[in-house]
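Take the position in the sequence shown, starting the count at 1, then add 315; the result is the number in this note's numbering.
Ideal Cβ placement from N, Cα and C applies to all residues, glycine included.
Structure first, commentary second.
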Amino acid sequence: MRALEEAGIGVKGIIGTSIGALIGALRATGMPQEESHRLVGALERKDIVRVNRRAVLINGIKQVSIFRGDTLRGYFEKLLPEAGWDALEIPLLVNAVDLHDGSTQWFGSGARTDVSMLDAVYASAALPVFYPPLRLDGHAYVDGGTAHPLAIDKAASEGAERVIAIDVGAGAEQAVDATLAQGLLGVHQRVFGIMTRRLRQDALERWKGPPLLYVRPRVDGYGPFGFEHVEYFVEEGYRATREALRELNV
């Protein structure tokens, strides 16, 4: 967002998937990028990670998640405006996947707003196994990246004239020893990353929509909970976006 603002590029709509749902919601409701940068810099593991004690007991494998969902949801609640969808200054869409039939549910502008912004953002970021699904009206919703980790097709269907796609998903390779050292969660996350990478590649390869600016920061080899690398992630996203814009002479 800092790079786009410096380049004088306005944003007319945001589609956020997974943690991008939170970042998108903060921007779409008017939070300055300086403030979001400050909040991200202050993020600590305890803010979003609290072990579900039942998951480490006998028969704990029957639990739906390793971490408690109320901790993550509570963190989101502190950041998102109480007014929810009514606070939007820029149209926003976020997605989650229905465990019942694998369909994608969209929330926000022109989609479902009968669900609170807080619940929608939580559902979009509820990484399977790590966090429990959002249970809603007999359905259970998980991370939107499960089906659409790079939702550029949705942007095109919404009438976008130009799309800027920020891809921070898993890379092609990851050290085996590092993966195995993280145990069950590490293996699961690596498998999830392999599958979603294929989905991102497919979306890019079949793209026939409006002009697309693809931004790929150098995040290969980093896990989803690399709190000690937060400042690097922020600056690398800024660098990668500026580089992509320079290639377009913007």
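Put simply, the region 326–338 touches the region 402–412. At least three CB pairs are less than 8 Å apart.
Going by C-alpha positions, GLU321 is about 31 Å away from TRP421.
The beta strand (DSSP E) runs of length 3 or more contained entirely in the region 367–446 are, from start to end of the chain, 407–413, 419–423.
Counting only runs of 4+ residues, the alpha helix (DSSP H) found wholly inside the region 462–531 occupies 467–472, 491–496, 498–520, in chain order.
The closest CA to that of PHE382, considering only PRO448, ASP429, ALA475, ALA496, is found on PRO448. Nearest in C-alpha terms to LEU528, of all of ASP517, GLU476, ARG368, is GLU476.
Between the beta-carbon of LEU433 and that of PHE391 there is about 6 Å, and that keeps the pair under the 8 Å contact cut.
TYR456 and LEU387 do not touch by the CB rule: their CB atoms are close to 14 Å apart, not below 8 Å. The Cβ atoms of THR419 and HIS454 lie no closer than 8 Å to each other. Separation of GLY536 and ARG515 (C-alpha to C-alpha, rounded to the nearest whole angstrom) is 17 Å. Judged by their CB atoms, PRO406 and SER424 are nearer to each other than the 8 Å cut-off.
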